[in-house]
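Protein chains in written order, with the numbering used here: chain D, 1 to 333; chain L, 1001 to 1312.
For every residue, glycine included, the Cβ atom is placed at its ideal position computed from N, Cα and C.
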Amino acid sequence: MTEHLHDVVLPDNITEELLTSQHIDFIKKYGEEQNKFEYGMTDYLRLSGMYWGLTALELMNAGVTDTQDAIVEYIVKCQDPDSGGISACIDHDPHILHTLSGIQILAMFDKLDAIDIEGVVKYVQKLQQFDGSFSGDKWGEVDTRFSFCAVMILSILNRISAIKVQKAVKFVKSCKNFDGGFGSRPLAESHAGLTYCCVGFLSITKRFDVLDIDNLAWWLCERQNPSGGFNGRPEKLPDVCYSWWVLATLAMLGKLTWIDGAKLQTFIFACQDQETGGFSDRPKDVPDPFHTLFAVAALSLLDYENIQKVNPTYCMPQHVIDRLQLDPKILPS
Amino acid sequence: MHGRLKIKTTAQQKAEKELKQSNQLTQYKASMSQILLHRNCDPFDPVSFKICAGLLSTNPDIYTLWNYRKEVILREKHRYEESDPAAKEDGDVDLKAFDGLLEKEISLTEDCLRANPKSYSAWYHRYWVLMLHSQPNWQQEFALCTKYLSVDDRNFHCWDYRRQLVNRIGITLPVEIKFSTERINNNFSNYSSWHYRSTLIQLNEQCIEEELELVKNAVFTDPGDSSAWFYLKWVVTNPALGKETCQELLDTLEQLQELEPDCKWVLLAKGWLMKRLHVKDYAVELYTQLIHLDAMRKGLYRDLLQNCIENS
Ligand SMILES: [Zn+2]
Chain D
1 MTEHLHDVVL
11 PDNITEELLT
21 SQHIDFIKKY
31 GEEQNKFEYG
41 MTDYLRLSGM
51 YWGLTALELM
61 NAGVTDTQDA
71 IVEYIVKCQD
81 PDSGGISACI
91 DHDPHILHTL
101 SGIQILAMFD
111 KLDAIDIEGV
121 VKYVQKLQQF
131 DGSFSGDKWG
141 EVDTRFSFCA
151 VMILSILNRI
161 SAIKVQKAVK
171 FVKSCKNFDG
181 GFGSRPLAES
191 HAGLTYCCVG
201 FLSITKRFDV
211 LDIDNLAWWL
221 CERQNPSGGF
231 NGRPEKLPDV
241 CYSWWVLATL
251 AMLGKLTWID
261 GAKLQTFIFA
271 CQDQETGGFS
281 DRPKDVPDPF
291 HTLFAVAALS
301 LLDYENIQKV
311 NPTYCMPQHV
321 IDRLQLDPKI
331 LPS
Chain L
1001 MHGRLKIKTT
1011 AQQKAEKELK
1021 QSNQLTQYKA
1031 SMSQILLHRN
1041 CDPFDPVSFK
1051 ICAGLLSTNP
1061 DIYTLWNYRK
1071 EVILREKHRY
1081 EESDPAAKED
1091 GDVDLKAFDG
1101 LLEKEISLTE
1111 DCLRANPKSY
1121 SAWYHRYWVL
1131 MLHSQPNWQQ
1141 EFALCTKYLS
1151 VDDRNFHCWD
1161 YRRQLVNRIG
1171 ITLPVEIKFS
1181 TERINNNFSN
1191 YSSWHYRSTL
1201 IQLNEQCIEE
1211 ELELVKNAVF
1221 TDPGDSSAWF
1231 YLKWVVTNPA
1241 LGKETCQELL
1251 DTLEQLQELE
1261 PDCKWVLLAK
1271 GWLMKRLHVK
1281 DYAVELYTQL
1291 IHLDAMRKGL
1301 YRDLLQNCIE
1311 NS
């Protein structure tokens, strides 16, 4: 039998614990010192970057307090008064991805009132297309990620009835594939990241009847490679961010027992940078806040000690979801 | 950031890199300010438009820059239309000059895609521009798509684009199914090809035996490869497949198992078939074996075993 290895070999010297204080340091210093260049060149995703960093800190019990006001003020400046949408940074254009990030941060700080909520609702409402799908901004690119963003935003604002939910469900359903997974558009190949978005969408709209749960969960648990890491599609290399996309989806479906949590944990630990803190996509790569959040959030789903409980649908601390009185559908395991 | 290996550097290399990066960052900031300052110029500022193209070629994810370009293009379109109001009324504007602008834009997206073939924004911009063109060359797009698929046959942007083009050019379903068969026979272990096929085939009594033959050929040639097994599951769990055929396949899988006793996929497939055929008392042995062979997913196999016991 031919061996089919699309996997990585883990290094020998893996630290079998979370280097919490280094990771906190890594996030707090991001933008200063060593990562100045990275930070400056990524202004076009600033608000999402802030959401990754701030959520990771909160999950590691190091949520910011002193800079909250400045952050809120910044988000307010990123809201476009005409469309109501929020942009990645000042002078850039509004987009549903950054509108979500802004809302998630404000919800975490309990400062939703700081922005024009009606404006945000109208912005999202206007992005819904005739077939129920959502475009990312006024220029019309459609993707199931944006359907998920739309219902996350509106449910956090308690305004989900502002859109045509049934039509939105119908569109997401039309993106379901032969393997039970979902792609970015109808007939597009299943991808663990987009599957997470679609299952998350159905978790918020409470429409798991759309899913072939067992078939999908099998496809998802087959994403775990011998190294313990998850890939996003068959025969692809593992990547620490899929620890989140796959695990969170399995958590919503109540199937966390279908994978090997201990092996996944080892893989995640192997992706932490012992010198600078932070996590990279794979062992020995350059770390960044994106992979740091999804590594920490995955460890939370694995019940790792001293990390706050994360909500698998929203990727936000559970205590925030409880305060907002949100109850996305999550099946018991 | 994906797939960027961390490299050890000396103090001097580090200082040199920092200087270079600092210059690069200053340059980036200056370019962005220049563009944003001239964003609403009408007629557009060619210098900013050019700087913008340069920035996108190195990073096609700066989405606001694509929006700027779309605004310029729409304003130019308007200008060409206004310059010939009579023709506009007939819906017959000579848009050759405007098409020229669009073609430059199309070649810009090609530069961007060469650097980053997975850029959502660049693919979308390309399509958006083509839709404004008075005579879009879809054949050329199709050729580009084929070229990119030959470089990376798992690039789902390419597959999505191909699907859109097939509809535009009017390629018939049988022709596309033939293309899919060729791709699969060329490389059994490409999951994207199997997925693509699943979107073309509607499983029914007429075609299901043929599909089974194709996928059987793949799994028997290379039982260790996962791709085809997912497709096999789709075929054998469809009610259109007759019981007799299921039984035959089960017998053939028994033979394969003798050759490949450690292949979990063979066991899984036996499980799907035995469930369909209501075989009794197979579950304990099958799932115990799977728990042993594929310990990472033992929780799954325990659940499946439990289901079998409860339903018997
Ligand atoms: Zn990743």
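Original post:
Can L:D1045 and D:A188 be called in contact, C-beta distance under 8 Å?
Top reply: Here the question's residue 1045 of chain L lines up with position 45 in the second sequence. Here the question's residue 188 of chain D lines up with position 188 in the first sequence. No, Cβ-Cβ distance for L:D1045 and D:A188 is not below 8 Å.
Subject >> Contact the region 249-256 of chain D vs the region 213-233 of chain D: 3+ CB pairs below 8 Å >> reply: yes
Subject >> Those runs of the beta strand (DSSP E) which lie wholly inside the region 34-79 of chain D and span at least 3 residues >> reply: none
**OP:** With hydrogens ignored, establish whether the beta-carbon of L:H1002 is closer than 7 Å to any heavy atom of ligand 1.
**Re:** Looking up residue 1002 of chain L in the second sequence gives position 2. Correct: L:H1002 has its Cβ closer than 7 Å to ligand 1.
Original post:
Does the beta carbon of D:M1 come closer than 8 Å to any beta carbon on chain L?
Top reply: Taking the first residue of the first sequence as position 1, residue 1 of chain D is located at position 1. Only weak support is given to the placement of D:M1: the predicted model assigns it a pLDDT of 39, under 50, and the question is left unresolved by the model.
Original post:
Regarding D:C197 and ligand 1, is the C-beta to nearest heavy atom distance less than 7 Å?
Top reply: Counting from one through the first sequence, the residue named residue 197 of chain D turns up at place 197. Result no, Cβ not under 7 Å from ligand 1.
Subject >> L:Q1021, enclosing alpha helix (DSSP H) - first and last residue >> reply: As a position in the second sequence, residue 1021 of chain L is number 21, starting the count at 1. Note, L:Q1021: alpha helix (DSSP H), 1011-1037.
**OP:** Answer with buried or exposed for L:H1278, where buried requires no fewer than 16 other C-beta atoms within 10 angstroms of its C-beta.
**Re:** Walking along the second sequence from the start, residue 1278 of chain L turns up at place 278. So L:H1278 ends up on the exposed side.
Original post:
Per the contact definition of three or more C-beta pairs closer than 8 Å, is the region 255-274 of chain D in contact with the region 10-18 of chain D?
Top reply: yes
Subject >> L:R1004: contacting residues in chain D (beta-carbon distance under 7 Å) >> reply: As a position in the second sequence, residue 1004 of chain L is number 4, starting the count at 1. The contacting residues are D285, V286.
Subject >> C-beta contact flag for D:I105 and D:L59 at 8 Å >> reply: One-based indexing of the first sequence puts residue 105 of chain D at position 105. One-based indexing of the first sequence puts residue 59 of chain D at position 59. Taking 8 Å as the Cβ cut-off, D:I105 and D:L59 do not qualify as a contacting pair.
**OP:** Please find out if some non-hydrogen atom of ligand 1 comes closer than 7 Å to the beta-carbon of D:C271.
**Re:** In the first sequence, counting from the first residue as 1, residue 271 of chain D sits at position 271. Because no heavy atom of ligand 1 lies under 7 Å away, the Cβ of D:C271 does not count as near it: no.
Subject >> Members of the region 34-53 of chain D that neighbour chain L once the beta carbon cut-off is set at 7 Å >> reply: F37, G40, M41, Y44
Subject >> C-beta neighbour in chain L for D:I259, strict 8 Å >> reply: Walking along the first sequence from the start, residue 259 of chain D turns up at place 259. Yes - at least one Cβ of chain L is within 8 Å of the one on D:I259.
Subject >> Beta-carbon neighbours of D:Q224, restricted to chain L and to distances below 9 Å >> reply: As a first step, residue 224 of chain D must be located in the first sequence, where it is residue number 224. By Cβ distance, chain L contributes M1296, R1297.
Original post:
Roughly how far, in whole angstroms, is the beta-carbon of L:H1211 from the beta-carbon of L:L1203, given that I think they are within contact range, below 8 Å?
Top reply: Position 211 of the second sequence, counted from the start, is the residue given in the question as residue 1211 of chain L. Position 203 of the second sequence, counted from the start, is the residue given in the question as residue 1203 of chain L. What sits at residue 1211 of chain L in the sequence shown is Glu, not His. Yes, L:E1211 and L:L1203 are in contact; Cβ-Cβ is about 7 Å, under 8 Å.
Original post:
Beta carbon of D:I24, beta carbon of D:L47: below 8 Å?
Top reply: By one-based count along the first sequence, residue 24 of chain D stands at place 24. By one-based count along the first sequence, residue 47 of chain D stands at place 47. No.
Subject >> Minimum C-alpha distance to L:E1213 - residue among L:R1114, L:L1290, L:T1245 >> reply: Counting from one through the second sequence, the residue named residue 1213 of chain L turns up at place 213. Closest by alpha carbon: L:T1245.
Original post:
Are the C-beta atoms of L:W1159 and some chain D residue less than 8 Å apart?
Top reply: For the purposes of this step, residue 1159 of chain L is identified with residue 159 of the second sequence, where counting begins at 1. Yes - at least one Cβ of chain D is within 8 Å of the one on L:W1159.
Subject >> Same chain, Cβ closer than 7 Å to L:A1295, five either side skipped, listed in chain order >> reply: Here residue 1295 of chain L refers to the residue found at position 295 when the second sequence is read from its first residue. Result list for L:A1295: empty, nothing under 7 Å.
**OP:** Could you list which residues in chain D have their beta carbon closer than 7 Å to that of L:T1313, in chain order?
**Re:** In the structure as shown, chain L begins at 1001 and stops at 1312. Residue 1313 of chain L is therefore absent and cannot be evaluated.
**OP:** Can you pull the chain L residues whose beta carbon is under 7 Å from the beta carbon of D:E32, in chain order?
**Re:** Start at 1 with the first residue of the first sequence, and residue 32 of chain D comes out as number 32. Neighbours of D:E32 on chain L: none; closest Cβ ~13 Å, over 7 Å.
**OP:** Report yes if the C-beta distance between L:L1290 and L:L1267 is below 8 Å; otherwise report no.
**Re:** Here residue 1290 of chain L corresponds to residue number 290 of the second sequence, with the count starting at 1. Here residue 1267 of chain L corresponds to residue number 267 of the second sequence, with the count starting at 1. A contact, by the Cβ cut-off of 8 Å.
Original post:
Which class does D:M252 belong to by DSSP, given the choice of helix, strand or coil?
Top reply: Working through the first sequence from its first residue, we reach residue 252 of chain D at position 252. Reduced to three states, the DSSP call for D:M252 is helix.
Original post:
Would the C-beta of D:D322 count as close to ligand 1, meaning under 7 Å from any of its heavy atoms?
Top reply: For the purposes of this step, residue 322 of chain D is identified with residue 322 of the first sequence, where counting begins at 1. Incorrect: D:D322 has no Cβ contact closer than 7 Å to ligand 1.
Subject >> Whole-angstrom distance between D:D239 and D:N225, CA atom to CA atom >> reply: Reading the first sequence from its first residue, position 225 is the one you call residue 225 of chain D. Reading the first sequence from its first residue, position 239 is the one you call residue 239 of chain D. Those two C-alpha atoms are separated by around 10 Å.
Original post:
Going along the chain, which residues of its own chain have a beta-carbon closer than 6 Å to the beta-carbon of D:S203, five neighbours each way excluded?
Top reply: Against the first sequence, residue 203 of chain D aligns to sequence position 203. Same-chain partners within the cutoff: M252, T313, P328, K329.
Original post:
Is the region 301-319 of chain D touching the region 72-92 of chain D in the sense that three or more CB pairs, one from each, lie closer than 8 Å?
Top reply: no
Subject >> L:D1061 in three-state terms, based on DSSP >> reply: For the purposes of this step, residue 1061 of chain L is identified with residue 61 of the second sequence, where counting begins at 1. It is coil, neither helix nor strand.
**OP:** Could you check the C-alpha separation between D:G136 and D:L10 for me, to the nearest Å?
**Re:** What you label residue 136 of chain D is simply residue 136 of the first sequence in a count that begins at 1. What you label residue 10 of chain D is simply residue 10 of the first sequence in a count that begins at 1. Each residue's alpha carbon lies about 38 Å from the other.
Subject >> Buried versus exposed, by CB contacts within 10 Å (16 or more), D:H319 >> reply: Along the first sequence, one-based indexing puts residue 319 of chain D at 319. It is exposed - the Cβ of D:H319 has fewer than 16 other Cβ atoms within 10 Å.
Original post:
What does a CB cutoff of less than 7 Å around L:R1126 pick up in its chain, not counting 5 residues either side in sequence?
Top reply: For the purposes of this step, residue 1126 of chain L is taken as the residue at position 126 of the second sequence. Only I1106, T1109 meet the Cβ criterion.
**OP:** Using a cut-off of 7 Å between C-beta atoms, extract the partners of L:R1163 located in chain D.
**Re:** Residue numbering aside, residue 1163 of chain L sits at position 163 when the second sequence is read from its first letter. Near L:R1163 (Cβ distances below 7 Å), the residues of chain D are L187.
Subject >> Proximal residues to L:L1305 (C-beta, below 6 Å), its chain only, five neighbours per side dropped >> reply: Numbered from 1 along the second sequence, position 305 holds the residue referred to as residue 1305 of chain L. For L:L1305, where only same-chain residues beyond five positions count, the Cβ hits under 6 Å are A1283, Y1287.
Original post:
Three or more beta-carbon pairs under 8 Å between the region 1010-1017 of chain L and the region 1035-1045 of chain L, yes or no?
Top reply: no
Original post:
Should D:E73 be labelled buried (16 or more other beta-carbon atoms within 10 Å of its own) or exposed?
Top reply: Counting from one through the first sequence, the residue named residue 73 of chain D turns up at place 73. Exposed: under 16 other Cβ atoms inside 10 Å.
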